[in-house]
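> In numbering that gives the first Met the number 0, the protein residues as written are 0 to 125.
Ideal Cβ placement from N, Cα and C applies to all residues, glycine included.
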Amino acid sequence: MTETLLHIITRDDWNRFRPLGAVAPDSLGTQGFVHLSTPHQVHLPADRLYSGRTDLLLLHVDATRLVDPLRFEPGVPEDPESMRFPHLYGPLPVDAVVEVTPYLPGPDGRFAPLDRERPDAVGPED
């Protein structure tokens, strides 16, 4: 069974990209890929980039529905031994998103890793 991958996105960006059929964040143009995470590592970029934000969603992505290349690469390119993160080398198709969940920080502003399915999921069209 393939593990679900996750993409962190603001609610506004999801509402903007969803009707277009694909998520194409700035990183696709500047770095050439869409940043993804596994459930146990998603809190790391969330804490680094979005600490304390309450407008975030997690797009749960079925990797078998991706068309463009998916590569697990070092999170710190200069350090080949660093934790590997999934990078999608093309836009993220909306039809690969199987679930959308709010991603809220704890009282300290930090995010938790996902170790289990979230009961507060909303459908991709919500």
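Please report the distance separating the alpha-carbon of L65 from that of T3.
Position 66 of the sequence shown, counted from the start, is the residue given in the question as residue 65. Position 4 of the sequence shown, counted from the start, is the residue given in the question as residue 3. Going by the C-alpha atoms only, they are around 12 Å apart.
> Three-state secondary structure (DSSP) at P68?
Here residue 68 refers to the residue found at position 69 when the sequence shown is read from its first residue. P68: coil per DSSP, three-state reduction.
> Once the 5 residues before and after G108 are set aside, which same chain residues still bring their CB inside 7 Å of it?
Within the sequence shown, the letter at position 109 stands for residue 108. S50, G51, listed in sequence order.
> Below 8 Å CB to CB, which residues in the same chain sit around L5 once its five sequence neighbours on both sides are set aside?
Along the sequence shown, read from residue 1 onward, the residue named residue 5 stands at position 6. The residues are L35, S36, T37, P38, V41, L57, L58, H59, V60, L113.
> Per the DSSP calculation, L56 is bridged to which residue(s)?
Against the sequence shown, residue 56 aligns to sequence position 57. Residue pairing by DSSP places L56 opposite I8, P101 in a beta bridge.
> Can you list, in chain order, the residues of its chain with a C-beta nearer than 6 Å to that of W13? Leave out the 5 residues immediately preceding and following it.
Here residue 13 is taken as the residue at index 14 of the sequence shown, counted from 1. The answer, listed in chain order, is L56.
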